[in-house]
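According to my numbering, the sequence shown is numbered sequentially starting from -2.
Each residue gets a CB set at the ideal place from its N, CA and C atoms; glycine is no exception.
What you are looking at is a predicted structure, and each value in this text was computed from that prediction instead of being measured.
Each remark here refers to the structure printed beneath this line.
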Amino acid sequence: MVAGDPVGQVQAPAIFNRVFQKFDVDAVLVPVQIAPDRFVDFATTVLEAGNIDGLWLTIPHKPKLMPLLDKLDRASQMAGSVNAVRRHADGTLEGGMFDGNGLVRALRHFGIEPKGLRVLLLGTGGAGAAIATALLEAEVAELALHDLGDRAHRLAQRLNHQSVTLHGADPAGFDLVINATPLGLSTDDPLPVDVSRIDADAKVFDILMKHTPTPLLRACAKRNIQAHSGFEMLVQQVPDYLRFFGMHEIADQIKDELSDIRDHLLIA
-2 MVAGDPVGQV QAPAIFNRVF QKFDVDAVLV PVQIAPDRFV DFATTVLEAG NIDGLWLTIP
58 HKPKLMPLLD KLDRASQMAG SVNAVRRHAD GTLEGGMFDG NGLVRALRHF GIEPKGLRVL
118 LLGTGGAGAA IATALLEAEV AELALHDLGD RAHRLAQRLN HQSVTLHGAD PAGFDLVINA
178 TPLGLSTDDP LPVDVSRIDA DAKVFDILMK HTPTPLLRAC AKRNIQAHSG FEMLVQQVPD
238 YLRFFGMHEI ADQIKDELSD IRDHLLIA
């Protein structure tokens, strides 16, 4: 199950249930809306069930189970949150974070090579932190962080990398602008950045997944700025999720041919 609050924007069931059906996997993925103050008790109980191997997590639950996890990958440690939790046969819980690698692969799918780029990352929560980690591994020239409060500063300290800077929301001078904030989930949200300040040849990636363009994507379209939604980021994560839950053969079969998943997601 995918646990979140809200869950109306959740796209994972459409993807993974199609994969399960195609490869005759006896599994189903369903969205479950659970309030933040009830989530930890809910998840603890659910993970004791014999026929539930784990949980997918989305906003705002990605950081909630960190104290309960026995094993974490580096991206999860840096992000302070996870996309998924798996219960092993011995009862131990493992967390995985795939947002960062998914975004980097999505950029490359669109012909955008991160290496050497100056990047402005708006939002340094769980997804933003994972994205920051992956971008540094992809050797961006500069990673400028922006967020409210001291979150960007705290992430910069954790990353401890010479390419990381703290920056305002002004996108001028950057090759790539990434929105990892929730601004755009609601139609009346303000823009996360002043689009008029984005360089004409810059690229924009909004990690939100909505079948109608976000205000940021619409504003970029008016200026003919190349901009992409978060759908491809999720598509590129599918093999990672499958491997995380032990479905290695299926992951290997689909990793180089994701067009069926992509087409199904975009028309779902």
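| Roughly how many whole angstroms lie between the Cα atoms of K47 and P236? | The residue given as residue 47 occupies position 50 in the sequence shown. The residue given as residue 236 occupies position 239 in the sequence shown. According to the sequence provided, residue 47 is Gly. The question's Lys does not apply to it. Rounded to the nearest angstrom, the two C-alpha atoms are 24 angstroms apart.
| request: Ignore the nearest five residues each way along the sequence and tell me which others in F241's own chain have a CB closer than 7 angstroms to its CB. | output: As a first step, residue 241 must be located in the sequence shown, where it is residue number 244. Cβ within range, chain order: A81, R83, G93.
| field | Per-residue DSSP class, three states only, for H106 | value | Position 109 of the sequence shown, counted from the start, is the residue given in the question as residue 106. Helix, per DSSP.
| message | Just verifying my parser: in three-state terms, what is the DSSP assignment at D253? | response | As a first step, residue 253 is located in the sequence shown; it is residue number 256 there, counting from the start. Coil at D253, not helix or strand.
| Is it buried or exposed for K200, if we count other Cβ within 10 angstroms and need 16 for buried? | As a first step, residue 200 must be located in the sequence shown, where it is residue number 203. With 16 or more other Cβ atoms within 10 Å, it is buried.
| request: Would you mind reading off the limits of the beta strand (DSSP E) that contains A81? | output: Taking the sequence shown and counting its residues from 1, the one referred to as residue 81 is at position 84. First-last of the beta strand (DSSP E) with A81: 81 to 84.
| message | Can you confirm whether the stretch 150 to 157 touches the stretch 177 to 188 when touching is taken to mean that 3 or more C-beta pairs between the two stretches lie within less than 8 angstroms? | response | no
| Run through DSSP, which three-state label would G92 get? | In the sequence shown, counting from the first residue as 1, residue 92 sits at position 95. Three-state DSSP puts G92 in a strand.
| said: Since L104 and H143 should fall inside the 8 angstroms C-beta cutoff, what is the C-beta to C-beta distance between them, to a whole number of angstroms? | reply: The residue given as residue 104 occupies position 107 in the sequence shown. The residue given as residue 143 occupies position 146 in the sequence shown. At roughly 19 angstroms, the Cβ-Cβ gap does not stay under 8 angstroms, so L104 and H143 are not in contact.
| request: State whether the stretch 222 to 236 contacts the stretch 98 to 113, with contact taken as three or more CB pairs (one from each stretch) at a distance under 8 angstroms. | output: yes
| query | Can the beta-carbon of Q6 be found closer than 8 angstroms to that of M244? | reply | Along the sequence shown, read from residue 1 onward, the residue named residue 6 stands at position 9. Along the sequence shown, read from residue 1 onward, the residue named residue 244 stands at position 247. No, they are not a contact pair.
| CB of A9 within 8 angstroms of CB of W53, strictly | Here the question's residue 9 lines up with position 12 in the sequence shown. Here the question's residue 53 lines up with position 56 in the sequence shown. Yes; because the gap between Cβ atoms is below 8 angstroms, this pair is in contact.
| query | Hey, how far is the Cα of G1 from the Cα of A11? | reply | Locating residue 1 in the sequence shown gives position 4, counting from the first residue. Locating residue 11 in the sequence shown gives position 14, counting from the first residue. Taking the straight line from one Cα to the other gives about 16 angstroms.
| said: Taking the alpha-carbon of Q234 as reference, which of A248, H225, L62 has the nearest alpha-carbon? | reply: By 1-based counting over the sequence shown, the position of residue 234 is 237. Ranking the options by Cα distance to Q234, first place goes to A248.
| field | Inter-stretch contact at 8 angstroms, needing at least 3 Cβ pairs: the stretch 168 to 179 / the stretch 122 to 142 | value | yes
| Given L133, which residues of its chain have a CB within under 7 angstroms of its CB, disregarding the five upstream and five downstream residues? | Walking along the sequence shown from the start, residue 133 turns up at place 136. Answer for L133: L140, L156, H158, S160, listed in chain order.
| said: With the cut-off set at 8 angstroms, would you say F36 and K68 are in Cβ contact? | reply: Here residue 36 corresponds to residue number 39 of the sequence shown, with the count starting at 1. Here residue 68 corresponds to residue number 71 of the sequence shown, with the count starting at 1. Their beta carbons are not under 8 angstroms apart, which means F36 does not touch K68 by this criterion.
| For D23, which option in V29, F13, A32 has the closest C-alpha, if you only look at C-alpha atoms? | Locating residue 23 in the sequence shown gives position 26, counting from the first residue. When each option's Cα is compared against that of D23, the closest is F13.
| field | Unbroken alpha helix (DSSP H) run spanning Q234, endpoints | value | Taking the sequence shown and counting its residues from 1, one reaches residue 234 at position 237. Note, Q234: alpha helix (DSSP H), 228 to 241.
| T162 lies in the beta strand (DSSP E); which residues open and close that run? | Locating residue 162 in the sequence shown gives position 165, where the first residue counts as 1. Looking at the DSSP string, the run of the beta strand (DSSP E) that includes T162 is 161 to 163.
| request: Determine the direct distance from the alpha carbon of S226 to that of L100, and round the result to whole angstroms. | output: The residue you call residue 100 lines up with position 103 of the sequence shown. The residue you call residue 226 lines up with position 229 of the sequence shown. Distance between the alpha carbons of L100 and S226: 10 angstroms.
| Residues bridged to H261 by DSSP? | Numbered from 1 along the sequence shown, position 264 holds the residue referred to as residue 261. Per DSSP, none; premise fails for H261.
| Looking at the structure shown, is K68 part of a helix, part of a strand, or coil, going by DSSP? | If you number the sequence shown from 1, residue 68 lands on position 71. Looking at K68 - three-state DSSP - the assignment turns out to be strand.
| field | As assigned by DSSP and simplified to three states, the class of G146 | value | One-based indexing of the sequence shown puts residue 146 at position 149. The answer is coil: DSSP assigns G146 none of H, G, I, E or B.
| query | CA-CA distance, P28 and L163? | reply | The residue given as residue 28 occupies position 31 in the sequence shown. The residue given as residue 163 occupies position 166 in the sequence shown. Straight-line Cα distance between these residues: approximately 36 angstroms.
| R151 by DSSP, collapsed to three states: which one? | The residue you call residue 151 lines up with position 154 of the sequence shown. Three-state DSSP puts R151 in a helix.
| request: Kindly indicate which three-state DSSP category D34 falls into: helix, strand or coil? | output: Taking the sequence shown and counting its residues from 1, one reaches residue 34 at position 37. Note: D34 maps to helix in three-state DSSP.
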